[in-house]
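Taken in order, the sequence shown gives residues -12 to 66; the numbers are from our numbering. C-beta: ideal position from N, C-alpha, C; glycine also. A short write-up of the structure that comes next.
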Amino acid sequence: MARLVKRYRSRPYAVTIGGETKYICGCGLSSTQPFCNGTHKITQTEAPGTLSWYDQDGQRHDTPDSFPDICSDEQTKDA
Ligand code: FES
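Laid out in structure tokens, this is it:
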């Protein structure tokens, strides 16, 4: 089974619990989920209006965003 979810966020969420701050991955690309490992930096050059996906080697592939109805976190992209 596979699942495709759009993510718009390109930076982590800072969460402070008990005085300790942790950074939770918001881009979906971290290999140390749920924590950010800095991989989000490769999303900084994504072009607006495209759908970008990354292969196992971290190589980006861009295509016109032709999946407008896929579940999205766009509502929270700047949260
Ligand atoms: S926000 Fe995903 S790796 Fe940093």
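Query: Taking C-alpha atoms, which residue in Lys(-7), Glu7 and Thr3 lies nearest to Gly13?; Result: Lys(-7)
Query: For Ser59 versus His48, is the C-beta distance shorter than 8 Å?; Result: no
Query: Roughly how many angstroms separate the alpha carbons of Val2 and Thr50, rounded to a whole number?; Result: 33 Å
Query: Return yes when the C-beta of Arg(-2) is under 7 Å from any heavy atom of the ligand FES, and no when it is not.; Result: yes
Query: Go ahead and label Pro(-1) buried or exposed: buried means 16 or more other beta carbons lie within 10 angstroms of its beta carbon, across all protein chains shown.; Result: buried
Query: With burial defined as no fewer than 16 other Cβ atoms inside 10 Å of the residue's Cβ, what is the status of Ala66: buried or exposed?; Result: Model confidence at Ala66 stands at a pLDDT of 48, short of 50, so the residue's coordinates are unreliable; what they give is reported in the following sentence. The residue is exposed, with fewer than 16 neighbouring Cβ atoms inside 10 Å.
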